[in-house]
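There are 2 protein chains.
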Amino acid sequence: MLRLNRQTDYGIMILTCLVREDDKAMPPRLLSAPEIATASGLALPNVSKILKALVRGGILQSRRGVQGGYQLSRLPADISIQQIITALDGPISMTDCAGEGPEQCDVSSLCPMSANWKYINDKIVETLESITLEQMAIPGGVLAAANNDSDSTRNPEGE
Amino acid sequence: MLRLNRQTDYGIMILTCLVREDDKAMPPRLLSAPEIATASGLALPNVSKILKALVRGGILQSRRGVQGGYQLSRLPADISIQQIITALDGPISMTDCAGEGPEQCDVSSLCPMSANWKYINDKIVETLESITLEQMAIPGGVLAAANNDSDSTRNPEGE
DNA sequence: CAAATCAGGACCAAAGTGGTCCCCTTTTGG
DNA sequence: CCAAAAGGGGACCACTTTGGTCCTGATTTG
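So the protein lines, in turn, are chains L and D. Numbers 54 to 212, taken from the working numbering, label the letters of the first sequence in order. Numbers 54 to 212, taken from the working numbering, label the letters of the second sequence in order.
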């Protein structure tokens, strides 16, 4: 089915919640895990686990202690879906052939597909890299961006 | 990791073997499961399972009985990677949101992402639909096709 | 009728995923 | 200086999925 795992799905949902919260409170403040759990409607332990992974992946910044919490480490327009998927699900690699490492197929003599898989993999990464969290956070945002600017993948100053 | 399962990987490998065998024996003959297992270097029971699924998915045709076997049901240029993946791994659907059925997110009120996911999903299906088995069967075939036919080529210095 | 061959599905071990919990460190404020 | 509020890092386990094999039945040929 080529499905990304539920943690990743939730993670993107959580991040879109953060974007909307930031829009509300313009001097963006830190949100604690319990607050984010409430806002997203998900269970706290799970939300907490996902938030930690997003920090490790460089998507979020955190502060400990009383009044601590999480915030985006970059503008929503500078965070791609690809980066989020990589943070929560590891690097995209459709097959072993398509991966980065030295893990060759053991049947590489029979397999002329390696370069082809790499190309396909790159194409998909490219697609996911071109979608930003900012677009994802508004209904129809991805489609609108695709219509407005069908050539270049990123627009300099959003909206 | 967004990886397709091993059956699918093997399936595509098997099909590229079939393409090459067809090229050898120009009046394309039926190949039995044991022959295909030998040609592909995979274990017979597993190859057999995959071949059956490919028949069910309309990629292969089969004939039973003595001298029976399998052959492609269309020309390699008319079989897309997308069709093969669908036959072996079900329809592509990155998230529940992106699926076809009436399976709405239960939190759809909080979730403006549904249309966005569908768009992303379509984009990936489109990519995989544009790659043919014929291209996949020759080393560098996909890249060559992409260079020749630059319908929507991205920046060459993209990397 | 026997042999070859595909069809369908049962079955099980192994791996992966999802979700929760625990204990530790950091920070703030009385 | 200590207690409370928060995040950090894993361990842990139940559940599902996947990978692979095998068995039984249906077709076809000679």
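We treat Cβ as the ideally placed atom computed from N, Cα and C, and that holds for glycine.
Contact with chain D by D142 (chain L), beta-carbon distance below 7 Å: Judged by the 7 Å Cβ criterion, D142 (chain L) is in contact with chain D.
Buried/exposed call for P87 (chain L), threshold 16 Cβ in 10 Å: Exposed: under 16 other Cβ atoms inside 10 Å.
Taking 7 Å as the threshold (C-beta atoms), are T61 (chain D) and I138 (chain D) in contact? For the pair I138 (chain D) and T61 (chain D), the CB atoms are nearer than the 7 Å cut-off.
Residue-chain proximity (V160 (chain D), chain L), Cβ-Cβ < 7 Å: Because the pLDDT of V160 (chain D) is 48, which lies under 50, any placement of that residue in the model is unreliable, and the number read from its coordinates should be weighed accordingly. Contact of V160 (chain D) with chain L is assigned, a C-beta pair being separated by under 7 Å.
Find the nearest neighbour of E182 (chain L) within the set L:Q135, L:G118, L:Q188, L:D149, judged by alpha-carbon distance. Minimum Cα distance to E182 (chain L) is reached at L:Q135.
Exposed or buried, what is L113 (chain L) when buried is set at 16 or more other beta-carbons lying within 10 Å of its beta-carbon? Its Cβ being crowded by 16 or more others within 10 Å, L113 (chain L) is buried.
Check whether L84 (chain D) and G122 (chain D) have beta carbons under 7 Å apart: A contact, by the Cβ cut-off of 7 Å.
Residues of chain L with a CB under 8 Å from the CB of I173 (chain D): which are they? Within 8 Å Cβ-Cβ: I134, T180, L181, I184, V195.
Find the residues of chain D that neighbour P192 (chain L), judging by a C-beta separation of less than 7 Å, and give them in chain order. Here the neighbours are P165, A168.
Quick one: grab the DSSP three-state call for S85 (chain D). DSSP places S85 (chain D) outside both helix and strand once states are collapsed to three, so it counts as coil.
What residue range does the alpha helix (DSSP H) around G194 (chain D) cover? 194-201 is the span of the alpha helix (DSSP H), which, as asked, contains G194 (chain D).
Could you compute how far the alpha carbon of A168 (chain L) sits from the alpha carbon of K102 (chain L)? Approximately 36 Å between the Cα atoms of the pair.
Alpha-carbon spacing of Q120 (chain D) relative to R82 (chain D), whole angstroms: In this structure, the straight-line span from the alpha carbon of Q120 (chain D) to that of R82 (chain D) is close to 10 Å.
Neighbourhood of T69 (chain L) by C-beta, 8 Å cutoff - its chain only, sequence neighbours within 5 removed: Around T69 (chain L): L186, M189, A190.
Which residue's Cα is closest to the Cα of A71 (chain L): L:D149, L:L57, L:I132? First, the amino acid is wrong: residue 71 (chain L) is Leu here, not Ala. Taking only the C-alpha atoms, the option nearest L71 (chain L) is L:I132.
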